[in-house]
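Novice: Below is one structure. I have some questions about it.
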Amino acid sequence: MNMKTLLILLLLALATIFALVCVLLTRGRAPSACQQQPLGQEDMDDGQSLVFADLSPEEMAQVVRYLRGNLGVPLVDASRAKPSDNCIASVDVQVPAKAEVLRFLDGGGARPPREALAVLYFGNQPDPNVTEYVVGPLPRPVYHRDVTVQKYGGKLPYHRRPVTGKEYVDINGLIQRELRKAPRFLAACCESDGSDLAILTTAPRGFKSGDRATWFVLFHSVAGTGYYLSPVGLEVLVDHGDLHVSRWRLRKVFYNGQYFASTGDLEDAFAASLLDMVRIEKPPAGAVLGSMRPRRPPGSPGPLQYEPQGPRYSIRDNRVTFQGWSIAFGMNPNSGPRLFDIRFHGERIVYELSLQEALALYGSNCPGGMSTRYFDGSFGIGRFAYELVRGLDCPYMATYVDRHYLVESETPKTNQNSLCIFEHDAGLPLRRHFSDSQSFYYGGLRKTTLVIRAVSTLINYDYIWDFLFHSSGAVEVRVHATGYISSSFLHGQGTDYGNKVGPHTLGTMHLHHMHYKVDLDVDGQLNSLETQDMEYELVKDPWSMQNTIERPYLRRERLEREDEAAFPLNTPMPRYLSFASSKPNKWGHPRSYRIQIISFAGEHLPTSSAMERSISWGRYQLAVTRHKEEEPTSTSVYNQNDPWTPTVVFADFINNETITNEDLVAWISVGFLHVPHAEDIPNTVTVGNGVGFFLRPYNYFDEDPSVDSPDSIYFSSEQDIGACGANPLACLSPTASCAPHLPPFHYGGFLNL
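Residue numbers (mature numbering (1 follows the signal peptide of the UniProt record, and there is no 0)): -19 to -1, 1 to 734.
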């Protein structure tokens, strides 16, 4: 054996020894602090949640293809359709009846057929109308059935249809033609020929059923900033009710407190010096009121929230799971976020939790402002939930989900990254105690929640919709309002209706009211409504009988009928109100979930108003009714343009039926009054402009379920609290070094505009 061979064998032996040593040293070692942690079996998805899933773009396209081939009438793409045409207005999922779904989810029944709800505008018919069809089964539909009469008790009059984008384009063309009849006035008042003025719609559109006449408010428009704060004092009333666009007319003109029959009359009054004209120069981009451009260069970055070992939640299809929670999520293009089959540790707590409507009602001494009552669902709360900005709208490392819709077009659209899901550390203990007597210890739990969020931009306002799931078993729902205020031109006694926020700008007072549907199923479908509140009783002290004590006691009551369970706004409501099961917890109390409302809502409209019934849900801070398939929503997109003969009247749901041991639904209103002020410029801030409610376990468990959280902390004075094994907080140093790889910033939110 030569020397070369010996050297080779020696090197191989050394390599083998080194490998064996490495194996021995690493055997049994804990995984890296930065290693992705495996998720539990609760995160395995069985596909059942797809029964609630929004339609995919492919399914929407199949429905359009089917309708085009099977209705037997000419259809024009809604993006180009005139009022005298037939068109497909929208396509959305038709969620199956609750009984069918529960047979499938809980009883081993067949999966309900997947169906779509298609809304069509039939303008090219002797009797123009709106018709709704259920189309199925998907993905290859073979049938459609007209459900309009079944849902609404009759045909839907054509004038109730929402205004389409094409209709707004044609209205804008009419206004531009009319403005050209007042060139000298526009040049003098606004430094404009009218073509560069922004036009803002109001709603509703008249004073009686059948009207379709809308006030439009004109503003200076400066690129890159919100025009809503720059009114020029000019407003026009357009009658656009005729099926033929050529017959639309401008009916009235308003300028700075004066009314005219036409823009020609306005021009004549200006020429004759009969006009109280206020010259408003068009502001440069850098000086415009309400500019959001930064005024300082960027500073050092703020705190960054991330998961050192990856997300602790799991998302598959339309279902998210997190530390015992399971939620199916979706988005209605009209009414916005909707959640289904909310479970905690395998038990269903809520069957449906969905936004129903958002109302904004204004006051002003200008015609547009004083007549505005926006029912935002008719514009599209879900449709206008655009892409979220990573790192601002949601944490940078949140999970972002696309949402799809088909509205006013035969081509599906996608709002990329328009819903975000993340775990949030509130920087607050969920619970804690420091013991300074008997024995010395500290115990606590961080308040971390799973958050599902979307943000809707509805003309000037941005609404942030949050659904939070706590380790205590509580569900929190909240909404914050931000964005631009709407404004009127300041004239006369304008400050009776708001505050001056610019040289000629009145920030107009308004109400925000939001309505939610909460179909609670607490330990089963059948529940009762129980209330508890505190009262005082005057008693003699039992140890001497010589003194009196004002002793608080708990007054319990079970509400028997719907009329008792309808709590009007601004009236006392029991502070504890719970959906109760007939089954007790370990301590003999009914397993229950409590509804706790955080709201500052005032009167939505006087009940004497001709349009109040269209928003009669606003009468109640809370109303509890029996679940009925024929009462799926508290309002309708058709209520906006005919609030005088509303398609859906929520008040009619309340008819004094028994609510003991029944399948019950809670309908919750939240809101606040907003009187705009200087600090609303450039934007309304979210601070103080948030409302919502909680669903909290009340004797549902035998103890706080968060005791099982792996995030719990406990250490005593006798322990080495700096040891990672005794105190998880001592482990943060190595895990904090697990900085994530941040994906590059991208934003495509302007694509669908």
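Glycine included, each C-beta is placed from N, C-alpha and C at the ideal position.
Please read all numbers here as calculations on a predicted model, not as lab measurements.
Using the beta-carbon count (16 or more within 10 Å), is residue 97 buried or exposed?
Specialist: Buried.
Novice: Using the C-alpha atoms, what's the distance from residue 415 back to residue 426?
Specialist: For residue 426 and residue 415, the distance between alpha carbons rounds to 12 Å.
Novice: Is residue 8 helix, strand or coil by DSSP?
Specialist: Residue placement at residue 8 cannot be trusted, given a pLDDT of 37 that sits under 50; what the coordinates show is reported in the next sentence. If DSSP states are grouped into helix, strand and coil, residue 8 belongs with coil.
Novice: With 16 other CB atoms within 10 Å as the buried threshold, where does residue 655 fall?
Specialist: Residue 655 is buried by the Cβ-count criterion.
Novice: Around the C-beta of residue 229, are 16 or more other C-beta atoms found within 10 angstroms, so that it is buried, or is it exposed?
Specialist: So residue 229 ends up on the buried side.
Novice: Taking Cβ positions, are residue 673 and residue 459 nearer each other than 8 Å?
Specialist: A contact, by the Cβ cut-off of 8 Å.
Novice: Since residue 89 and residue 140 are thought to touch, with beta carbons under 8 Å apart, how far apart are those beta carbons, to the nearest angstrom?
Specialist: So it is not a contact: roughly 47 Å between Cβ atoms.
Novice: Taking only the alpha-carbon atoms, compute the straight-line gap between residue 444 and residue 338 and give it to the nearest angstrom.
Specialist: Looking at the two C-alpha atoms, the distance is approximately 12 Å.
Novice: Are residue 261 and residue 171 closer than 8 Å when you measure CB to CB?
Specialist: Yes, the pair counts as a contact, with Cβ atoms nearer than the cut-off.
Novice: DSSP three-state call for residue 165: helix, strand or coil?
Specialist: It is helical.
Novice: Can you find the residues in the same chain that come closer than 7 Å, C-beta to C-beta, to residue 75, ignoring five residues on each side of it along the sequence?
Specialist: Closer than 7 Å at the Cβ level, and outside the excluded window around residue 75, lie 96, 97, 98 and 115.
Novice: Locate the alpha helix (DSSP H) running through residue 749, then write down its first and last residues.
Specialist: The question about residue 749 has no answer, for the chain in this structure spans -19 to 734.
Novice: Buried or exposed for residue 668, going by 16 or more other Cβ atoms inside 10 Å?
Specialist: Classification for residue 668: exposed.
Novice: Secondary structure at residue 494, three-state DSSP: helix, strand or coil?
Specialist: Of the three classes helix, strand and coil, the one that applies to residue 494 here is strand, per DSSP.
Novice: By the three-class DSSP mapping on this structure, what secondary structure does residue 377 have?
Specialist: Residue 377 falls in the coil class under three-state DSSP.
Novice: If you pair each beta-carbon of the stretch 491 to 500 with each one of the stretch 640 to 651, do three or more pairs fall below 8 Å?
Specialist: Judged by Cβ distances under 8 Å, the stretch 491 to 500 makes contact with the stretch 640 to 651, as three or more pairs qualify.
Novice: Please determine if the stretch 501 to 520 and the stretch 590 to 602 are in contact, where contact requires at least 3 C-beta pairs separated by less than 8 Å.
Specialist: No contact exists between the stretch 501 to 520 and the stretch 590 to 602.
Novice: Excluding sequence positions up to five away, which residues of its chain have a Cβ less than 6 Å from the Cβ of residue 289?
Specialist: Closer than 6 Å at the Cβ level, and outside the excluded window around residue 289, lie 716 and 719.
Novice: Using a Cβ-Cβ cutoff of less than 7 Å, which residues in the same chain neighbour residue 81 once the five nearest sequence positions on both sides are dropped?
Specialist: Cβ within range, chain order: 93.
Novice: Could you have a look at residue 153 and say whether DSSP puts it in helix, strand or coil?
Specialist: Correct three-state label for residue 153: helix.
Novice: Which term fits residue 378, buried or exposed, when burial requires 16 or more other beta carbons within 10 angstroms of its beta carbon?
Specialist: Classification of residue 378: buried, given that the 10 Å Cβ count is 16 or more.
Novice: Taking the continuous beta strand (DSSP E) assigned at residue 512, which residues delimit it?
Specialist: Per DSSP, residue 512 belongs to the beta strand (DSSP E) from 507 to 521.
Novice: Would you mind reading off the limits of the alpha helix (DSSP H) that contains residue 54?
Specialist: Here residue 54 belongs to no alpha helix (DSSP H), and DSSP marks it neither H nor E.
Novice: Are the CB atoms of residue 35 and residue 299 within a distance shorter than 8 Å?
Specialist: Their beta carbons are under 8 Å apart, which means residue 299 touches residue 35 by this criterion.
Novice: Which runs of the alpha helix (DSSP H) at least 4 residues long sit entirely within the stretch 652 to 725? Give them in chain order.
Specialist: Those alpha helix (DSSP H) runs which fall completely within the stretch 652 to 725 and span 4+ residues are 713 to 716.
Novice: In the structure shown, what three-state DSSP assignment does residue 337 receive?
Specialist: Reduced to three states, the DSSP call for residue 337 is strand.
Novice: Between residue 320 and residue 448, which are expected to be in contact by the criterion C-beta below 8 Å, what is the C-beta distance as a whole number of angstroms?
Specialist: The pair is a contact, with the Cβ atoms about 6 Å apart (cut-off 8 Å).
Novice: Give me the Cβ distance between residue 640 and residue 507, rounded to the nearest whole Å; I'm assuming they're in contact under 8 Å.
Specialist: In fact, because the Cβ distance is near 11 Å, the residues do not count as touching under 8 Å.
Novice: Measure the CB-CB distance between residue 38 and residue 385 and report whether it falls below 8 Å.
Specialist: Yes, they are a contact pair.
Novice: Would you call residue 364 buried or exposed, if buried means 16 or more other Cβ atoms sit within 10 Å of its Cβ?
Specialist: Buried, by the Cβ-count rule.
Novice: Run through DSSP, which three-state label would residue 481 get?
Specialist: Residue state, collapsed to three classes: strand.
Novice: Got a sec, what are the start and stop residues for the alpha helix (DSSP H) residue 406 sits in?
Specialist: Here residue 406 belongs to no alpha helix (DSSP H); instead the beta strand (DSSP E) covers 394 to 418.
Novice: Report the three-state DSSP secondary structure of residue 74 (helix, strand or coil).
Specialist: Residue state, collapsed to three classes: strand.
Novice: With distance defined between alpha-carbon atoms, name the residue in 410, 343, 457 and 297 nearest to residue 382.
Specialist: It is 297 whose Cα lies nearest to the Cα of residue 382.
Novice: From this set, 351, 63 and 618, which residue's C-alpha is nearest residue 187's C-alpha?
Specialist: For the residues 351, 63 and 618, the minimum Cα distance to residue 187 belongs to 351.
Novice: Could you tell me which residues DSSP pairs with residue 212 in its beta bridges?
Specialist: DSSP output for residue 212 lists 200 as bridge partner(s).
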